[in-house]
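Since the structure comes first, as structure tokens, the remarks are kept for the end.
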Amino acid sequence: MILMSEDVEDGRGGEDAPRHQAGNVTNPFVIQTYRCVAPYETNDTKNRLLKVAADEKLDVLIKDPAGWWLVESEDKRLAWFPAPYLELSEGEDEDNDGFLGGEIFFLVVEVHLSFMVKNYHRA
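All residue numbers for the sequence shown refer to UniProt numbering, where the first residue is 1 and numbers rise by one.
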């Protein structure tokens, strides 16, 4: 079950809801589109050659402080890419600090595990 954070008070759903410990709330996952400023070659996460042309668009999934960003190409290949080769695409907002809309948080209050059970019948 996923609830918007304003629907949860101190880790409790409502007056009659069972108590749950809220735990840690993580930031929403934000993907930003960047363009490559110069041709660059690297290996993808499956160790295959990935050639990126100038002006090609890449989705940035993770920004590592060391300057290597995990990107996804248009053909859905993942690779670590040097940040200096990327420039934010037009229409993208850089001031969101990793938050969707700046204020939306989600909190998971219950874990649900599912599994398949096979019935064996003996004759």
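Ideal Cβ placement from N, Cα and C applies to all residues, glycine included. Predicted, not measured: the structure shown is a model, and the values here were computed from it.
- Take the alpha-carbon of D44 and the one of V52: they are about 11 Å apart.
- Under the three-state reduction of DSSP, P65 is assigned to coil, being neither helix nor strand.
- Counted as a single uninterrupted DSSP element, the stretch harbouring Y85 is not any beta strand (DSSP E), since DSSP gives it neither H nor E.
- Collapsing the DSSP output to three states places N43 in a strand.
- Sorting F81, D75, K57 by C-alpha distance to the C-alpha of P65 places F81 at the top.
- Separation of the CB atoms of Y34 and S73 is rounded to 11 Å, and the pair is thereby denied contact status at 8 Å.
- C-alpha of Q32 to C-alpha of D59: approximately 6 Å in a straight line.
- Distances from the alpha-carbon of A79 to those of Y85, T42, E87, F29 put T42 closest.
- L49 and L86 have their alpha carbons spaced roughly 18 Å apart.
- Here K76 is not near W69, since their CB atoms are 8 Å or more apart.
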